[in-house]
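Only one structure is covered here, and it is reproduced in the block below.
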């Protein structure tokens, strides 16, 4: 079942994985994105929600496609057409 908490944690994990792959720190992403360090730490721990706009900014900073940071439930629905 999809809920806000699990979705937030999933996005946080994807951002953390992208940070690790890019060999960048949370401090670096904070500086690059303009997101306060404390806010970003809360987001990455799943204690604060992450907006679509923030996902786009983080993806741009890390030079990855924003789609790679979206929750799996969003990606699954992306290819479906409305009936």
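Residue numbers (this note's numbering): 23 to 105.
Backbone N, C-alpha and C define an ideal beta-carbon position, used for all residues, glycine too.
Worksheet item: Do residue 94 and residue 32 have their CB atoms nearer than 8 Å?
Response: Numbered from 1 along the chain shown, position 72 holds the residue referred to as residue 94. Numbered from 1 along the chain shown, position 10 holds the residue referred to as residue 32. Closer than 8 Å, so yes.
Practice prompt. Compute the Euclidean distance between the alpha carbons of residue 34 and residue 74, then round it to the nearest angstrom.
Written response: Residue mapping note: residue 34 aligns to position 12 of the chain shown, counting from 1. Residue mapping note: residue 74 aligns to position 52 of the chain shown, counting from 1. C-alpha separation (whole angstroms): 12 Å.
Worksheet entry | Residues near residue 64 in its chain [Cβ-Cβ closer than 8 Å; skip 5 each side] | For the purposes of this step, residue 64 is identified with residue 42 of the chain shown, where counting begins at 1. The answer, listed in chain order, is 70.
Practice prompt. Could you tell me if residue 36 is buried or exposed, where buried requires 16 or more neighbouring beta carbons within 10 angstroms of its beta carbon?
Written response: To locate residue 36, count along the chain shown from 1; it is residue 14. Buried, by the Cβ-count rule.
Worksheet item: Looking only at its own chain, which residues have a Cβ that is under 6 Å from the Cβ of residue 72, when we skip the five neighbours before and after it?
Response: Numbered from its first residue, the chain shown carries residue 72 at position 50. So the qualifying residues of the chain are 33, 65.
Item to complete: Assign residue 67 to one of three DSSP states: helix, strand, or coil.
Response: Locating residue 67 in the chain shown gives position 45, counting from the first residue. Note: residue 67 maps to coil in three-state DSSP.
Worksheet entry | Spatial distance of residue 80 from residue 51 (CA atoms) | Along the chain shown, read from residue 1 onward, the residue named residue 80 stands at position 58. Along the chain shown, read from residue 1 onward, the residue named residue 51 stands at position 29. Approximately 7 Å, taken between the alpha carbons.
Item to complete: Starting from the C-beta of residue 43, find all residues in its chain whose C-beta is less than 7 Å away, skip the five residues before and the five after it, and write them out in chain order.
Response: In the chain shown, residue 43 corresponds to position 21, counting from 1. Contacts found: none.
Discussion item. Cutting at 8 Å between CB atoms, please list the residues of its own chain near residue 68, excluding the five before and the five after it.
Written reply: Position 46 of the chain shown, counting from 1, holds the residue named residue 68. Same-chain partners within the cutoff: 27, 30, 31, 34.
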